[in-house]
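Have a look at the structure below, then the notes.
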Amino acid sequence: MQSSRPDENDYTSVIVTGDAPILKAIELINESTYKLVLVCDTSGVLQGVITDGDIRRAILAHTSLEASVSLIMCKTPTYAFLGTPTREMIALMESKKIQALPILDKFHRVVGIETYMHAASRRQVQKSPVFLMAGGFGTRLRPLTQNCPKPLLKIGPRPLLESILLSFVEHGFDTFYISIHYLGDQVKEYFGDGRKWGVSITYVEETSPLGTAGALSLIKEPLSAPVIVMNGDLLTKVDFRALLDFHESTHASATMCVREYTMQVPYGVIELDGSRIVSIKEKPEHHYFVNAGIYVLSPNVVNGLTLGERVDMPDLMTKQVELGESVSTFPLHEYWLDIGRLGDFERAQQEFIEYFN
997 MQSSRPDEND YTSVIVTGDA PILKAIELIN ESTYKLVLVC DTSGVLQGVI
1047 TDGDIRRAIL AHTSLEASVS LIMCKTPTYA FLGTPTREMI ALMESKKIQA
1097 LPILDKFHRV VGIETYMHAA SRRQVQKSPV FLMAGGFGTR LRPLTQNCPK
1147 PLLKIGPRPL LESILLSFVE HGFDTFYISI HYLGDQVKEY FGDGRKWGVS
1197 ITYVEETSPL GTAGALSLIK EPLSAPVIVM NGDLLTKVDF RALLDFHEST
1247 HASATMCVRE YTMQVPYGVI ELDGSRIVSI KEKPEHHYFV NAGIYVLSPN
1297 VVNGLTLGER VDMPDLMTKQ VELGESVSTF PLHEYWLDIG RLGDFERAQQ
1347 EFIEYFN
C-alpha cells in the first residue's frame, strides 16, 4: 500500500533557515501540531530537524534563545522518501519513538510531513495512568474557594480540572486517579466515573491531608506502568506524550518537570578581593530551575510508599536520590501557569482564550 498524502496541515509553516533564532523554533513547536521544526536551505533541501527534546536540552544548557537553530538541530534526522509505504513509515516512527516524519523527494527537498496519528488513522492510547491532586484547601484563593474546591473554579467556560483532564485526553490518556479532600464530594459529583469524557476515573479520598505525594499510597492496586502526577491547579500546554517518552528513555525512577526562573539583582554587584574591587556587574541575572508541579513516577516508587503516610513530593524525590536511584528533570518551554493566588486566577481568565480556546 502506498503512503497517503502528507498530513493536511501546512508543513511549510514549520520550515526555517539555519540562521533563524531558537526562539522562533520554540514558537513554531508550540503552535504546530507537528511538534517539530524543519531546517532547510533556500532550495528546500532538508538540513536538520529540531524537536521538543532539542529545545529542552538547549534550555538546560542555558543556550541563548537568540542563537541560531543550526546550533541545536539534529543534522542526521529520520525521514522517508515520497512513496514510502504507510506501514513502513509507521514502523519507522515506532522504532524511533517519534510522532512526525519529514517526507522528501529524490533531491532531498521537503515535500510534506507525515504524522503517526494521521498514518495510523487512530489515536494512540497511553498505557500509563494519570494522578491529579485535587484535595487542597485553596486558602490563598479565598473567598472564591469558600464553598467551591479550587479545581472546580471556572477558568474560561469550564472548571480548571476539566481543562486539565481534556489536555490529557487529547494526548491519548484514558485512566485517571483524582485525589480529593476539601469539598471532595463536589468533584465526584461533577466528574462522576469519567464516562462523559470517554475515560475511567477512580477517586482517592484523603481523610486527612497526606502531602503532595502521600495520597499515591492510597491507590489500591499495584501499578504496572509509570504514572504522571500533576497538581490540580495548573494550566499548561505541556506535551504529556513527550514527557512520558522522555521518562522512559532515561530509565529514571522519577522525573520532575522544571521551569527556568530568572532573578535580576536591581543593583550593581561588586566582587571584592579583600578591599580591592575585582569586577562590577550591573544588575546581573541569576537563573534557576524550579519545580513545575508535574512528575512521572515509575511503578516501584509508588508501590513502595507506606499506606497513609504523609509525604511531600520534594521529599520523595530526595529519598530516591539518597537511595541511588536516577531522578531526571524535564524542562518546560510551553505555556504554564500555577493558579495559586487571586492575581493568577485573574491572569488565567485573560489568557485562557489565547492558549486553550
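Residue 1353 is where the sequence shown ends in this note's numbering, and the numbering goes up by one at each step.
Every residue, glycine too, gets a C-beta built ideally from N, C-alpha and C.
With DSSP as the reference, identify every bridge partner of residue i, one or two as the case may be.
i	result
I1018	Answer is none; I1018 lacks a bridge partner.
Q1142	The partner list for Q1142 (beta bridge, DSSP) is empty, contrary to what the question assumes.
M1129	S1175, N1227
P1098	I1109
To the nearest angstrom, how far is the alpha carbon of residue i from that of residue j?
i	j	result
T1208	R1138	21 Å
R1119	N1143	For R1119, the predicted structure reports a pLDDT of 45, less than 50, and the residue's modelled location is therefore unreliable. A value from the coordinates is still provided. Going by the C-alpha atoms only, they are around 38 Å apart.
N1026	Q1095	15 Å
S1039	L1032	20 Å
G1168	R1306	31 Å
L1024	I1109	15 Å
S1064	G1014	6 Å
E1267	E1278	11 Å
F1127	L1140	25 Å
K1150	L1156	6 Å
M1226	E1330	15 Å
H1114	V1261	49 Å
G1300	L1240	21 Å
K1184	K1233	25 Å
G1270	I1276	15 Å
V1035	T1258	30 Å
V1286	L1148	26 Å
T1314	W1332	24 Å
F1077	F1103	10 Å
R1083	S1091	12 Å
L1338	A1344	10 Å
D1003	G1210	With a pLDDT of only 39 at D1003, under the threshold of 50, the placement of this residue in the model should not be trusted, and no figure is reported.
Using only alpha-carbon positions, find the residue among the options that is nearest to residue i.
i	options	result
Y1061	A1021, V1225, G1014	The amino acid at residue 1061 is misidentified as Tyr; the sequence shows Leu. Cα-wise, what sits closest to L1061 is A1021.
R1052	Q1260, L1293, D1235, V1298	D1235
I1160	I1290, H1114, S1249	I1290
S1204	L1140, G1270, G1132, L1328	G1132
A1238	F1326, D1037, P1073	F1326
I1197	I1174, R1337, L1212	I1174
P1098	R1136, V1041, L1056	V1041
K1146	A1057, I1068, H1177, L1019	H1177
G1049	R1272, R1343, C1070	C1070
Q1043	I1018, G1336, Y1075	Y1075
T1072	T1047, L1303, Y1351, Q1182	T1047
How would you write the range of the beta strand (DSSP E) that residue i sits in, first residue to last?
i	result
M1380	Because the chain here runs from 997 to 1353, residue 1380 falls outside it and cannot be looked at.
K1277	1272 to 1278
L1240	No beta strand (DSSP E) holds L1240; the alpha helix (DSSP H) holding it covers 1236 to 1246.
I1215	Premise fails: I1215 is in no beta strand (DSSP E) and is neither H nor E.
S1091	Segment 1082 to 1092 is the alpha helix (DSSP H) holding S1091; no beta strand (DSSP E) there.
Could you spell out the range, first to last residue, of the alpha helix (DSSP H) harbouring residue i?
i	result
Y1186	1180 to 1187
Y1351	1338 to 1352
V1317	1309 to 1318
I1160	1156 to 1166
E1202	Per DSSP, E1202 belongs to no alpha helix (DSSP H) and is neither H nor E.
G1044	Premise fails: G1044 lies in the beta strand (DSSP E), 1042 to 1047, not in any alpha helix (DSSP H).
**Prompt:** Between the region 1307 to 1323 and the region 1190 to 1202, do at least 3 Cβ pairs fall closer than 8 Å?
**Reply:** Look at the beta carbons and you see the region 1307 to 1323 not touching the region 1190 to 1202: under three pairs across the two are nearer than 8 Å.
**Asked** Between the region 1181 to 1193 and the region 1211 to 1220, do three or more beta carbon pairs fall short of 8 Å?
**Response** no
**Message:** I'd like to know if the region 1082 to 1089 and the region 1240 to 1258 are in contact, where contact means that at least 3 CB-CB pairs between them fall below 8 Å.
**Reply:** no
**Request:** Give a yes or no on contact between the region 1314 to 1331 and the region 1241 to 1250, applying the rule of three or more CB pairs nearer than 8 Å.
**Result:** yes
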